[in-house]
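Undergrad: To convert, take the position in the sequence shown, counting from 1, and add 68; that gives the numbering used here. We put the beta carbon where it would ideally sit given N, CA and C, even for glycine. Just so we're clear, the structure is a prediction, and the values are computed from it rather than from any experiment.
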Amino acid sequence: MSMTTEHQRELDLGFSWRNSFSQLGEDFYTRVSPQALTAPYWVGSSRAVARELGLDESWLSSEELLQALSGNRHIAGAQPLASVYSGHQFGVWAGQLGDGRAILLGETASGLELQLKGAGLTPYSRMADGRAVLRSSIREFLCSEAMHGLGIPSTRALCVTGSDAPVYREAIETAAVVTRVAPSFVRFGHFEHFSHRGQLAQLRLLADAVIARHYPACRTSEKYGGNRYAALLEAVSERTADMVAQWQAVGFCHGVMNTDNMSILGLTIDYGPFQFLDAFDPGHVCNHSDNQGRYAFNKQPQIAYWNLYCLAQALLPLIEEQELALQALEPFKTVFPQRFESRMRSKLGLADAEVGTSKDERALIEDLLHLLAKERVDYAIFWRRLSHAVAEGSNRAARELFLDSSAFDAWWLRYTGNGADDPARPDADMMLKTNPKFVLRNHLAENAIRQAKMKDFSEIASLLAVLETPCQEHPGFEAYAQFPPDWAQSIEISCSS
Ligand code: AMP
Ligand code: MG
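1. Taking all protein chains shown into account, do 16 or more other C-beta atoms lie within 10 angstroms of the C-beta of Gly257, making it buried, or fewer, making it exposed?
2. Taking 7 Å as the cut-off, does the CB of Asp338 come closer than this to any heavy atom belonging to the ligand AMP?
3. Indicate, with yes or no, if the ligand AMP has a heavy atom lying under 7 Å from the CB of Asp358.
4. So, helix, strand or coil for Glu175, using DSSP?
5. Helix, strand or coil for Leu226 per DSSP?
6. According to DSSP, what are the bridge partners of Tyr446?
7. Pull up the distance between the alpha-carbon of Gly417 and that of Glu541, whole angstroms please.
8. Name the DSSP beta bridge partners of Pro234, please?
9. Would you tell me roughly how many angstroms separate the C-alpha atoms of Gly217 and Leu471, rounded to the nearest one?
10. Counting only the same chain and skipping the five closest in sequence on each side, list residues whose C-beta sits under 6 Å from that of Ala396.
11. Relative to the C-alpha of Asp349, which candidate in Leu439, Gly139, Arg119, Glu181 has its C-alpha closest?
12. Verify the contact flag: Leu165, CB atom, against every heavy atom of the ligand AMP, threshold strictly below 7 Å.
13. Please find out if some non-hydrogen atom of the ligand AMP comes closer than 7 Å to the beta-carbon of Val324.
14. So does Tyr192 have its beta carbon nearer than 7 Å to some heavy atom of the ligand AMP?
15. Starting from the C-beta of Gly361, find all residues in its chain whose C-beta is less than 8 Å away, skip the five residues before and the five after it, and write them out in chain order.
16. My guess is that Thr242 and Cys227 are in contact by the Cβ rule of under 8 Å, so how many angstroms apart are they, rounded?
17. Using the DSSP secondary-structure output, state which residues sit across from Ala317 in a beta bridge.
18. In three-state terms, what does DSSP make of His356?
19. Look at the alpha carbon of Ala280 and the alpha carbon of Arg296, and state the distance between them as a whole number of angstroms.
20. Do Ser151 and Gly51 have their beta-carbon atoms positioned less than 8 Å apart in this structure?
21. Counting beta carbon pairs with one atom in the segment 142-162 and one in the segment 110-123, are three or more of them shorter than 8 Å?
22. Spatial neighbours of Glu238 within its chain, please: CB distance less than 7 Å, with the 5 preceding and 5 following residues excluded, ordered by chain position.
23. If we count Cβ pairs, one from each stretch, closer than 8 Å, do we get three or more for the segment 453-460 versus the segment 391-407?
24. Tell me the residue span of the beta strand (DSSP E) that contains Leu392.
25. Quick one: is the Cβ of Ser565 within less than 7 Å of any heavy atom of the ligand AMP?
26. Could you tell me the alpha carbon to alpha carbon distance between Ser305 and Asn375, rounded to whole angstroms?
27. From the DSSP output, in three-state form, read off Tyr97 for me.
28. Report whether the distance from the Cβ of Gly139 to the nearest heavy atom of the ligand AMP is below 7 Å.
29. Would you say the beta carbon of Ala196 comes nearer than 7 Å to a heavy atom of the ligand AMP?
30. Go through its chain and collect everything with a Cβ distance to Pro399's Cβ below 7 Å, but skip five positions before and after it.
31. Leu469: which of Glu443, Arg482, Glu560 sits nearest, CA to CA?
32. Please confirm whether Thr402 has its beta-carbon closer than 8 Å to some beta-carbon of chain D.
33. Using the Cα positions of Phe83 and Leu134, report the straight-line distance between them to the nearest angstrom.
34. Note down the Cα distance separating Gly93 from Asn87, rounded to an integer number of angstroms.
35. What is the DSSP secondary structure of His258, reduced to helix, strand or coil?
36. Would you kindly report the start and end of the unbroken beta strand (DSSP E) that includes Ala150?
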């Protein structure tokens with residue numbers, strides 16, 4: 069097959085494209101074509117995401133789509149581009165960044181954008197190569213779908229395609245492309261970019277476009293004296309608070325919460341050195357490059373607020389009054405604890421409180437987290453065992469996780485209520501639907517990566533199948549729900565990807 073002739077022939081996926089980001093104009097991006105990847109092969113794919121796109125699943129084994137999503141063939145109607153943004157990285161203004169290796173194909177009529185991550189050089193690649201390695205691409209693919217399976221807002225991933233083309237990191241690795249899907253890939257950093265440069269017309273255009281497409285209620289909101297940009301900031305704060313509350317409840321550590329990795333839609337985005345906690349360690353730092361522990365697990369809520377503050381500063385020229393901008397950030401401080409408590413209540417099988425979480429219940433949650441931290445109890449296993457304890461009326465398996473069983477017993481007594489007259493009995497069914505049996509632990513991803521490097525992609529497919537419905541039992545896949553092996557502790561995940 070001659071690559072050039074194939075490349076010239078457009079592939080029609082049957083989408084009608086809308087491409088609204090592209091209509092913002094050339095200050096927002098550079099048109100760029102994906103760079104061809106030699107002899108690509110399928111690594112993993114999600115039928116669920118194909119369905120969302122209205123793409124027949126047969127495409128996911130087709131040679132044509134494989135070539136197109138690996139940059140070897142143009143897709144009819146797509147208007148590929150790389151967008152420009154800036155951001156604060158590790159607390160420091162980093163200036164211009166941009167899609168250094170992600171290329172937006174466009175937006176389908178269903179309102180979903182498709183982006184190829186690792187598709188080659190763009191004007192924003194800086195000193196890097198525009199590529200992504202197989203290992204990080206598999207992690208991103210699996211985790212996007214795992215988060216979605218947990219009900220946590222996230223960008224999605226249609227597939228990963230790989231190639232034997234070498235990519236140079238600490239060692240020689242191979243290239244891969246993740247096809248990501250989201251209603252928008254706009255980040256806080258897009259706003260910071262134009263604001264920092266004093267390009268206020270572009271800043272307004274971007275804000276108006278985001279409001280029109282994703283936050284239409286802000287246009288007519290009477291809050292903040294009808295200031296739609298303050299209303300936007302509040303809405304983004306609320307979504308971000310909700311997302312991070314869910315991270316904290318499920319034990320997810322993002323690892324690189326730079327403002328360029330914060331989605332304007334409150335989606336979990338840019339999966340790098342993320343980790344689902346094994347043992348519960350509130351101060352856990354999952355990113356090996358994060359020497360200061362800025363993005364430690366328990367710092368995520370305050371970092372989210374810090375990032376929202378950067379967004380507020382970026383939007384200030386539009387909001388005009390500092391007081392309004394600060395007011396619009398305030399709800400984060402109430403929404404985050406509310407949403408967090410609400411998630412924790414569900415994990416405990418307690419019905420959502422109409423009058424808010426009581427002092428006793430709050431203490432119940434805090435004391436439990438304290439116990440789990442003190443003994444470094446495995447987080448996911450604890451919650452699943454607790455759910456079964458309530459369902460089956462025996463707490464033996466949960467209790468076994470603690471050395472200090474009397475401390476657990478005392479907590480259990482408070483939790484289950486001391487007398488039959490206690491009306492608030494935990495709802496086991498709710499717990500089993502809330503506390504996942506399966507999370508994408510580092511060692512599970514690592515096993516799938518090791519096999520994929522030997523061209524066996526079956527582990528990726530079986531992990532995906534389980535993670536899509538992580539609260540279901542999935543008999544036969546018990547191994548995925550077990551304690552991490554000792555070697556899991558030595559896995560080092562850095563920013564290198
Ligand atoms: P990240 O920490 O992965 O979010 O990346 C920060 C910035 O560096 C983003 O603008 C990326 O597009 C860019 N970047 C990361 N890795 C590469 C690469 N291999 N080639 C080009 N740009 C990259
Ligand atoms: Mg990024």
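TA: Let me lay it out:
1. Looking up residue 257 in the sequence shown gives position 189. Buried: at least 16 other Cβ atoms inside 10 Å.
2. For this step, residue 338 is matched to residue 270 along the sequence shown. Remark: the C-beta of Asp338 is in contact range of the ligand AMP, defined as less than 7 Å to any heavy atom.
3. Stepping through the sequence shown from its first residue, residue 358 is reached at position 290. No, Cβ of Asp358 sits at least 7 Å from all heavy atoms of the ligand AMP.
4. By one-based count along the sequence shown, residue 175 stands at place 107. Glu175 falls in the strand class under three-state DSSP.
5. For the purposes of this step, residue 226 is identified with residue 158 of the sequence shown, where counting begins at 1. Look at Leu226 here: in three-state DSSP terms it is strand.
6. Residue numbering aside, residue 446 sits at position 378 when the sequence shown is read from its first letter. The question names Tyr, but residue 446 is Asp in the sequence shown. The partner list for Asp446 (beta bridge, DSSP) reads Ala347.
7. For the purposes of this step, residue 417 is taken as residue 349 along the sequence shown, with counting starting at 1. For the purposes of this step, residue 541 is taken as residue 473 along the sequence shown, with counting starting at 1. Going by C-alpha positions, Gly417 is about 18 Å away from Glu541.
8. Position 166 of the sequence shown, counting from 1, holds the residue named residue 234. Bridge partners of Pro234: Thr242.
9. Taking the sequence shown and counting its residues from 1, the one referred to as residue 217 is at position 149. Taking the sequence shown and counting its residues from 1, the one referred to as residue 471 is at position 403. One C-alpha to the other measures close to 33 Å.
10. Residue numbering aside, residue 396 sits at position 328 when the sequence shown is read from its first letter. Exclusion of the five residues before and after Ala396 leaves Ala298, Leu301, Glu302 as the residues of its chain whose Cβ lies within less than 6 Å of its Cβ.
11. Locating residue 349 in the sequence shown gives position 281, where the first residue counts as 1. Nearest option by C-alpha distance: Leu439.
12. Locating residue 165 in the sequence shown gives position 97, where the first residue counts as 1. The ligand AMP has a heavy atom closer than 7 Å to the beta-carbon of Leu165.
13. Residue mapping note: residue 324 aligns to position 256 of the sequence shown, counting from 1. Yes, Cβ of Val324 sits closer than 7 Å to a heavy atom of the ligand AMP.
14. Stepping through the sequence shown from its first residue, residue 192 is reached at position 124. Yes, Cβ of Tyr192 sits closer than 7 Å to a heavy atom of the ligand AMP.
15. Translated into the one-based positions of the sequence shown, residue 361 becomes position 293. Counting only Cβ-Cβ distances below 8 Å, and skipping sequence neighbours, we find Gly351, Val353, Lys367.
16. Your numbering for residue 242 matches position 174 in the sequence shown. Your numbering for residue 227 matches position 159 in the sequence shown. Rounded, the Cβ-Cβ distance is 16 Å, inconsistent with contact.
17. As a position in the sequence shown, residue 317 is number 249, starting the count at 1. The partner list for Ala317 (beta bridge, DSSP) is empty, contrary to what the question assumes.
18. Numbered from 1 along the sequence shown, position 288 holds the residue referred to as residue 356. For His356, the secondary structure class from DSSP, reduced to helix, strand or coil, is coil.
19. Translated into positions along the sequence shown, residue 280 becomes position 212. Translated into positions along the sequence shown, residue 296 becomes position 228. Rounded to whole angstroms, the gap between the alpha carbons of Ala280 and Arg296 is 11 Å.
20. Here the chain covers residues 69 to 565 and nothing more, so residue 51 does not appear.
21. The segment 110-123 is not in contact with the segment 142-162.
22. For the purposes of this step, residue 238 is taken as the residue at position 170 of the sequence shown. Answer for Glu238: Ser564, listed in chain order.
23. The segment 453-460 makes no contact with the segment 391-407; the number of CB pairs closer than 8 Å stays below 3.
24. Numbered from its first residue, the sequence shown carries residue 392 at position 324. For Leu392, no beta strand (DSSP E) encloses it; the enclosing alpha helix (DSSP H) starts and ends at 390-397.
25. On the sequence shown, residue 565 is found 497 positions in, with the first residue counted as 1. Yes, the beta carbon of Ser565 sits closer than 7 Å to at least one heavy atom of the ligand AMP.
26. Residue 305 sits at position 237 when you count from the first residue of the sequence shown. Residue 375 sits at position 307 when you count from the first residue of the sequence shown. Their Cα atoms are separated by approximately 10 Å.
27. Sequence index remark: in the sequence shown, residue 97 carries index 29 (1-based). In the structure shown, Tyr97 falls within a strand segment according to DSSP collapsed to helix, strand and coil.
28. Locating residue 139 in the sequence shown gives position 71, counting from the first residue. Not so, every heavy atom of the ligand AMP lies at least 7 Å from the Cβ.
29. By one-based count along the sequence shown, residue 196 stands at place 128. Because some heavy atom of the ligand AMP lies under 7 Å away, the Cβ of Ala196 counts as near it: yes.
30. If you number the sequence shown from 1, residue 399 lands on position 331. Excluding residues up to 5 positions away in sequence, Glu302, Ser305, Glu306 lie with their Cβ nearer than 7 Å to the Cβ of Pro399 in the same chain.
31. The residue labelled residue 469 in the question sits at position 401 within the sequence shown. When each option's Cα is compared against that of Leu469, the closest is Glu443.
32. Considering every chain present, this structure includes no chain D. It has just one protein chain.
33. Mapped onto the sequence shown, residue 83 falls at position 15. Mapped onto the sequence shown, residue 134 falls at position 66. Rounded to whole angstroms, Phe83 to Leu134 spans 17 Å at the Cα level.
34. Working through the sequence shown from its first residue, we reach residue 93 at position 25. Working through the sequence shown from its first residue, we reach residue 87 at position 19. Computed Cα separation, rounded: 11 Å.
35. By one-based count along the sequence shown, residue 258 stands at place 190. Per DSSP, reduced to three states, the secondary structure at His258 is helical.
36. By one-based count along the sequence shown, residue 150 stands at place 82. Ala150 -> beta strand (DSSP E) spans 149-151.
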